[in-house]
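Colleague:
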Amino acid sequence: MASSSNFFQYMTVPITGTGNFSFTTYTCAPNPQFILEGYDYANLQTTGEIYFTANTPVMNFNNLVACNSISEFVSYKVDNQNVKYVLGSAIVAEWYGLTSTSPNMPAKQLRIHHMLPYGNTFSMTLNNVLGVPGSFNTEYSFYFSGENFTSSNGNVVVQITNFGAVGSYIDFTVNGTYTGLVGANHTFTATGHVKRDL
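Take 253 as the starting number for the sequence shown in this note's numbering and just add one per residue.
What follows is the structure in structure tokens.
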């Protein structure tokens, strides 16, 4: 984790089939501090944040146990690629209400996005959302890990099955197709269970 006394940034490291992982980073400062968090994507669980100080050149960890349930997630899939996950409390879900309170907050707009600079990314914006469950197939935009599409180059249906109050959940699915940045057609599916922040 970056702080005023070091220069570490976020990174995502995959594990091997045996559960091992490794990463290399360099620092001139003695005893840099890290935060390590592991995710079990199959069971949607996390280790929680584990704080430690790297006091030797090589650090080894025993078993990291991911037993804490994840309260928010978005999963998405493009074509036959592996499912990608966006997990945890860094997901922001904002609905700006039926009337605008600011020029920067359009009325009836729902935005769901992941704010951290590491891992998979996901952003969905829907316009003309009335704050209740419904089906939407126009006025949307999506951005996710290197791709994006809008209703002008996409043909998806966003189904909101639950639209909770602030602090409660918004549940949604997305199914359809889009034309990618290089002109190829793709299928796209997504599922989300996120806490509403605004």
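Quick reminder that beta carbons are idealized off the backbone N, C-alpha and C, glycines included.
Is DSSP giving TYR278 helix, strand or coil here?
Modeller: Taken through DSSP and simplified to helix, strand or coil, TYR278 comes out as coil.
Colleague: Assign PHE424 to one of two classes, buried (16 or more other C-beta atoms within 10 Å of its C-beta) or exposed (fewer than that).
Modeller: buried
Colleague: What would DSSP say about ASP449, mapped onto helix, strand or coil?
Modeller: Coil at ASP449, not helix or strand.
Colleague: Could you tell me the distance, in whole angstroms, from the CA atom of ALA306 to the CA atom of PHE275?
Modeller: 13 Å
Colleague: Give every residue of the same chain whose Cβ lies closer than 6 Å to the Cβ of VAL381, excluding the five residues on either side of it in the sequence, and list them in chain order.
Modeller: LYS360, LEU362
Colleague: Please classify TYR278 as buried or exposed, where buried requires at least 16 neighbouring CB atoms within 10 angstroms.
Modeller: exposed
Colleague: Please report how far the alpha carbon of GLY383 lies from the alpha carbon of THR351, in whole angstroms.
Modeller: 11 Å
Colleague: Between the Cα of ALA281 and the Cα atoms of ILE322, ALA294, GLY419, THR308, which residue gives the shortest distance?
Modeller: THR308
Colleague: Under three-state DSSP, which class holds GLU391?
Modeller: coil
Colleague: For SER288, which residues does DSSP report across the bridge?
Modeller: Going by the sequence as given, residue 288 is Leu instead of Ser. ILE302, per the DSSP bridge assignment.
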